Amino acid sequence: MSYLPYAVAAWICLVGLAGVATSRNLVHLAVCLTVMQSSTYVLLLSVGYVAGGRAPIFKGAKPGAKAVDPVVQALTLTDVVVSVAVVALILALALDAHRLAGTVDPDGLADVHG
Amino acid sequence: MSRRGRLALLGPALLGLGALLGWGVAGLPAFGHYRGPYGFVLDRIVVPLRHTTNVVMGTTFDVRGVDTMGEEFILYAAVLGVTLLLRSGERGRPGRQAGERLGTDGLRLLGVTMVGGGVLVGLWLAAFGYVTPGGGFQGGALVAGTILLLYLVGGRSAYAPFLAEAALDPLESLGAGGYVVIGLAALASGLPFLTNLLGLGTPGSLVSGGSIAALNWASALAVTVALLTLFAEFLETYVVPLARADEA
Amino acid sequence: MSWLPPLLVALPLLSAAAIAGGQRVTPRPLQDVVAVAAAVAATALSFLLLWQVGAREVVDWFGGWRPRGGVAVGVDFAVGPLAAGMCCAIGLVVALALVYSLAFLPGAGRPFQALLLVTLAAMDGFAMSGDLFNLFVWLELAGTAAYALTGFQVERLGPVQGAVNFAITNSVGGYLLAFGIALLYARTGALNLAAIGRVLAGKPAGGLVVAALTVVLCGFLVKGAVVPFHLWAADAYAVAPAPVCAVFGGVMTDIGLLGVARLYWTSFAGLVHGQTLGEVLLWLGIVSALLGGAMAFLQRHLKRLLAYSVVCHIGIMLAGIGLLEASALAGSELLFLAHALLTAGLFFVTGVLQADHGSVDELRLRGRGGRLLGLAWLGGSLGLTGAPYLGLYLGHGLLDEGASALGRPWAPALLWLGSALSGAALLRAGARIFLGWGAGRDPLLADALEEEPPGRAAGRRLLVTVAAVAVAGGLAISLVPGLGQRAAYAAARFRDRGAYAAAVLRGTPLRAPPRLPVSIEHTTLEGVLSACGATLAAAALALLALGRRRLPQALSTAAARTLGPPVRVLHAAHSGVVGDYVTWVAVGTAVTGAAWSVLLRGG
Amino acid sequence: MTVLATLVPLQAVAFGLVALGAPLVVLTRDPLRQALVNGVYGVSLVCLFVVLEAPDPALSMLVVSGIAYPLVLLAAIARVRGEARRRRRLGRARSRPDRSGRR
């Protein structure tokens, strides 16, 4: 049971991936990508958690106080910014595709293959 | 591949992947038992060495400052990319038109108050980022978001000054490029790239952390302008033509 | 400390910011000069760095955060000759692409140049970084810039889904990588590659490590366009402008492979049964080489043809890595150098054809190419096939030696077959376009694409010159005196996990390097014979494809009957639908994970 | 050590909400409604980050899911619908071959 947090992260990753693979709308698909990415935040923050630890902010606290891992939080911050950038770009690309092909259904966009 | 074929392939693949990830996370230390050492070392050394009481920001802007430089440029590249994509698609469209206003005077008043408050809170978040929770990204995003409220409450004319590309482009480059310049300043003085140069100050006050403050403000500027440009590109090129199409 | 590694990243980034920020105030020619100068300067600095790392590992800790008490606190760039050599090639290809785009995309605007410089910085950072999360950051930066570069000219009518598929598939790969990073961090408490390697060394791989390394390596393989993660490649290259394709196909796809090799030799090699990782990589490489070659042979759209040729050669390089042998790794390194320039050169030639005739369709261009251009195409094709003493030849030779030393001569034979297939595709297209051979119709090839209006011919001489320079440079790689020996030394350094970790974590200097001779690498008779065989096979296949009509009726119907169904399956599998691509990513990850979970536990 | 000693109830609830929220976001196929559900999912992530003692990522997630995502998503959705409407009108005026109709 103390593995529940990690299982949640893996679950979100799979759910997001399934959403990306089956999506019928590029706007919807972009959101599914953010869901998939949110699994990495959940996993990162879970593995860095220390039971009974405080946030790694030592204003008004002794520097030796028990605190959670600051590294995973720094990584999560970077990750969140990446997700904004990627979503904006994919939406812009989706709009371009829509302007040219008249659809946001990825299954309908494929006019060339092989 | 037909949709049914895809699902038939995806199902087993996800099961396999789920088994793999499940097997993987079962080997992790139990929740709440982070074993270190990296994080514990930083919890111990950042405050004495850098005088920033927010260790996360000390990590983001100093210990792992180069990651954040990459992050700034990811946002920068995304904005450049969105601009490139959306503007190339809009060539030949008729010019923009003056915007429309929203709702009643009371609603607008509320909005303007919120804008003032939001900008203040955003600046506060950015300023105290390395002392208490917050930082350049969070503060910058809040400032950008509240300036955007002007678009809703004041119409395009009130928001327009914030959209002048001639002003936005150099400012954003100043933010992202400023980060690099601060790093290069250390290199020029014979120290490793991004070395903290300025005085460390008193822990728990605004005057702490040395270069962290400068990097933090560079990043706040870059993020604010980046998000403003991003919103502007999406709103200008997309919402305004939509309104026109509806009138027609 | 050396000031070179951070400068390789800082300089292009700062120039990109200056170009994009000053686009309204500075005159156009000045901007062009700044962009090209930044790329050229980055290349020159890379060569300087290459010279500097000859005798030592250049380790640079950002912010001066050196390891404390054995714990790597900061982020480091740790550069050996292999990484520095990659930076040289990256800088060279991007500089050529920037010069080329001055004439090819005069209206592209400054964001285009800025984004190319950002890509350059990101790829250099990736090649040098010694920190797992930092690798992810550079990879995402390169990706973000690349998605926009791919899509921005889509309005000129092309397969619209290319850029979207590229962005989505690569993002999924990136998130798999991020998930794996979190798992590895939880297991080892470190992000530095050397530190991770130290924790994992000598331990058996449990479920956690198997899952973590699977998603991390598969994340890199998605970026590297390795079968079955390769499906986005042809779509993306088909829409991207030629100079962007040159950067993608020449160097950007390959950094995914560098990630795989780097992770293996710094972090995973010490695991019990760690060498079984190579087994799967070798087979993925062989399959990529064969499938890529076959798909290249079935294309008529030149950029898609070249994209599959890239998949084929990426497979060959991956196989060289997967053999886990010094000589084979050196072979991969030389393959990378020659392939980068030759592929870039061929994309440049394609761009000229497009500017001249408004088409990149092999059948429609039949008999329409110029002579000098044809010569460049022929050189590029022969170099990529690995004809004796040209282009990829030396790399193939070293790879063959490594494989025979391991008693696996069948591996290079399969790789040569892939090389011959893609070479045949290139030679066939060249003969049809520049000599007018063969018919104007071919039912075996993929669908036609919509055409674009012919571009402008101004600056054509510049375009042809850049293409010729790239091809000539790539052809010469096999003949540069002393390069083979230096590649072997670089490979040996790259594989020395102990020395790398000591240099990074404790600053221990390396043993003095041996004196390397400056002579053309000796190759075995077998090597020459295989190269001749592959070249002849490629030429024969190309002729067969062109002159099919002249064969006896019975023979050609029989051939069509046997080849038809598998060809249709191949075409159908590359469906152009992003949902399918993501599904294949999931399948590939699950299957490689299953393979590794058996092999790594000694099964 | 027992389960509850390391996973306090508040955290368990937050994890549960996030685990439920993710499939809801994915299964909401209408983009406009999905943007709203995604906002709620974002708030549940913010709560989770708070109970995991991560105020900085929580703030970051708050501005992203409260400002950045909704704005770009709504603008994109509005554009897609507007374009579709205009296309329908144009399509009636002069019948242009629609490249999407192939499959």
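Top to bottom, those sequences are chains P, U, R and Y.
Residue numbering for the first sequence follows our numbering, beginning at 28 and increasing consecutively.
Residue numbering for the second sequence follows our numbering, beginning at 13 and increasing consecutively.
Residue numbering for the third sequence follows our numbering, beginning at 772 and increasing consecutively.
Residue numbering for the fourth sequence follows our numbering, beginning at 3 and increasing consecutively.
The beta-carbon is built from N, C-alpha and C at its ideal position, and this holds for glycine as well.
Please read these numbers as outputs of a predicted model, since none were measured by experiment.
Proximity winner among L778(R), C858(R) and L867(R), relative to V1237(R) (alpha-carbon distances): To locate residue 1237(R), count along the third sequence from 1; it is residue 466. The option with the nearest alpha carbon to V1237(R) is L867(R).
Min CB distance D132(P) to chain U below 8 Å: As a first step, residue 132(P) is located in the first sequence; it is residue number 105 there, counting from the start. So no, D132(P) is outside the interface.
Buried versus exposed call for G189(U) [16 or more other C-beta atoms within 10 Å across all chains shown]: Residue mapping note: residue 189(U) aligns to position 177 of the second sequence, counting from 1. Its Cβ being crowded by 16 or more others within 10 Å, G189(U) is buried.
DSSP state of G1207(R) mapped onto helix, strand, coil: Translated into the one-based positions of the third sequence, residue 1207(R) becomes position 436. DSSP places G1207(R) in coil when its eight states are reduced to three.
Whole-angstrom distance between S1327(R) and A1247(R), CA atom to CA atom: In the third sequence, counting from the first residue as 1, residue 1247(R) sits at position 476. In the third sequence, counting from the first residue as 1, residue 1327(R) sits at position 556. C-alpha separation (whole angstroms): 39 Å.
Beta-ladder partner(s) of A94(P), from DSSP: The sequence position of residue 94(P) within the first sequence is 67, counting from 1. For A94(P), which the question treats as bridged, DSSP gives the partners R81(P).
Residues sharing a beta bridge with S900(R), DSSP: Stepping through the third sequence from its first residue, residue 900(R) is reached at position 129. Answer by DSSP bridge pairing, in chain order: F848(R).
Inter-residue CB distance, A769(R) and V1082(R) (contact presumed, cutoff 8 Å): Missing from the structure shown is residue 769(R); chain R here goes from 772 to 1374 and no further.
Distance between beta carbons of G990(R) and L1048(R), contact taken as under 8 Å: Translated into positions along the third sequence, residue 1048(R) becomes position 277. Translated into positions along the third sequence, residue 990(R) becomes position 219. Going by Cβ atoms, the distance from L1048(R) to G990(R) rounds to 15 Å, so no, they are not a contact pair.
Where the stretch 36 to 56 of chain U meets chain R: residues whose CB sits under 9 Å from a CB there: G36, V37, A38, G39, L40, P41, Y46, R47, G48, P49, Y50, G51, F52, V53 and L54
Within chain R, partners of V68(U) - CB distance below 9 Å: Here residue 68(U) is taken as the residue at index 56 of the second sequence, counted from 1. None at all; the shortest Cβ gap to chain R is about 15 Å.
Burial state of Y14(U) (16 or more Cβ within 10 Å): Mapped onto the second sequence, residue 14(U) falls at position 2. It should be pointed out that residue 14(U) corresponds to Ser in this sequence rather than to Tyr. So S14(U) ends up on the exposed side.
Contact under 8 Å by Cβ, V943(R) with L912(R): Here residue 943(R) refers to the residue found at position 172 when the third sequence is read from its first residue. Here residue 912(R) refers to the residue found at position 141 when the third sequence is read from its first residue. It is not a contact, given that the beta carbons lie outside the stated cut-off.
Proximal chain P residues relative to S738(R), where beta-carbon distance stays under 7 Å: The structure shown does not extend to residue 738(R), since chain R is modelled only from 772 to 1374, so the question has no answer here.
Beta-carbon contacts of P32(P) that lie in its chain and below 6 Å, excluding the five residues immediately before and after: The sequence position of residue 32(P) within the first sequence is 5, counting from 1. Excluding residues within five positions, the ones whose Cβ falls inside 6 Å are S73.
Boundaries (first-last residue) of the beta strand (DSSP E) holding V829(R): The sequence position of residue 829(R) within the third sequence is 58, counting from 1. V829 to W832 is the span of the beta strand (DSSP E), which, as asked, contains V829(R).
Beta carbon of V864(R) nearer than 8 Å to that of V970(R): Here residue 864(R) corresponds to residue number 93 of the third sequence, with the count starting at 1. Here residue 970(R) corresponds to residue number 199 of the third sequence, with the count starting at 1. For V864(R) and V970(R), no; Cβs fall outside 8 Å.
Under 7 Å by beta carbon: chain P residues contacting E911(R): What you label residue 911(R) is simply residue 140 of the third sequence in a count that begins at 1. Those are V109, listed as they occur along chain P.
Span of the alpha helix (DSSP H) around F950(R): Indexing the third sequence from 1 puts residue 950(R) at position 179. Q932 to T959 is the span of the alpha helix (DSSP H), which, as asked, contains F950(R).
Proximity below 8 Å, CB of G1364(R) to CB of D123(P): Position 593 of the third sequence, counted from the first residue, corresponds to residue 1364(R). Position 96 of the first sequence, counted from the first residue, corresponds to residue 123(P). In this structure, D123(P) does not lie closer than 8 Å to G1364(R) by Cβ.
Assigned secondary structure, N40(Y) (DSSP; H/G/I helix, E/B strand, else coil): Taking the fourth sequence and counting its residues from 1, the one referred to as residue 40(Y) is at position 38. Three-state DSSP puts N40(Y) in a helix.
Exposure label - V1369(R); buried when at least 16 CB within 10 Å: Counted from its first residue, the third sequence places residue 1369(R) at position 598. That one is exposed.
Sub-8 Å separation of L70(P) and A45(P) beta-carbons: Sequence index remark: in the first sequence, residue 70(P) carries index 43 (1-based). Sequence index remark: in the first sequence, residue 45(P) carries index 18 (1-based). No. Outside cutoff.
Proximity test, Cβ basis, 8 Å: R18(U) and chain P: Locating residue 18(U) in the second sequence gives position 6, where the first residue counts as 1. Interface residue, yes.
Closest Cα partner of L1108(R) within the set A879(R), A813(R), L869(R) and A1258(R): Mapped onto the third sequence, residue 1108(R) falls at position 337. Of the candidates A879(R), A813(R), L869(R) and A1258(R), the one whose C-alpha sits nearest the C-alpha of L1108(R) is A1258(R).
Helix, strand or coil at N52(P) according to DSSP, with G and I counted as helix: The residue labelled residue 52(P) in the question sits at position 25 within the first sequence. Looking at N52(P) - three-state DSSP - the assignment turns out to be coil, as it is neither helix nor strand.
Beta-carbon spacing of Y268(U), Y76(P) below 8 Å: Outside the shown range of chain U, which is 13 to 260, sits residue 268(U), and nothing can be said about it.
Range covered by the alpha helix (DSSP H) that runs through V1043(R): One-based indexing of the third sequence puts residue 1043(R) at position 272. Note, V1043(R): premise wrong, no alpha helix (DSSP H); not H, not E.
Uninterrupted beta strand (DSSP E) stretches inside the stretch 1226 to 1264 of chain R (no shorter than 3 residues): none
Neighbourhood of G1093(R) by C-beta, 6 Å cutoff - its chain only, sequence neighbours within 5 removed: Along the third sequence, one-based indexing puts residue 1093(R) at 322. Here the set comprises G1049, L1052, L1053 and G1056.
Under 7 Å (Cβ pairs) to chain P, residues found in the stretch 19 to 36 of chain Y: V20, A21, A24, P25, V27, V28, R31, P33 and Q36
With 16 other Cβ atoms within 10 Å as the buried cut-off, status of H63(U): Within the second sequence, numbered from 1, the residue matching residue 63(U) stands at position 51. Per the 10 Å Cβ criterion, buried.
contact_flag[the stretch 54 to 70 of chain P, the stretch 92 to 109 of chain P] where n(CB pairs < 8 Å) is 3 or more: yes
Cut-off 6 Å between Cβ atoms - residues of its own chain near A94(P), not counting five sequence neighbours on either side: Numbered from its first residue, the first sequence carries residue 94(P) at position 67. Once the five neighbours on either side are set aside, the close Cβ partners of A94(P) are G80, R81 and P83.
Residues near T1156(R) in its chain [Cβ-Cβ closer than 7 Å; skip 5 each side]: Along the third sequence, read from residue 1 onward, the residue named residue 1156(R) stands at position 385. Correct list, in chain order: S1190, A1191, G1194, A1305, T1306 and A1309.
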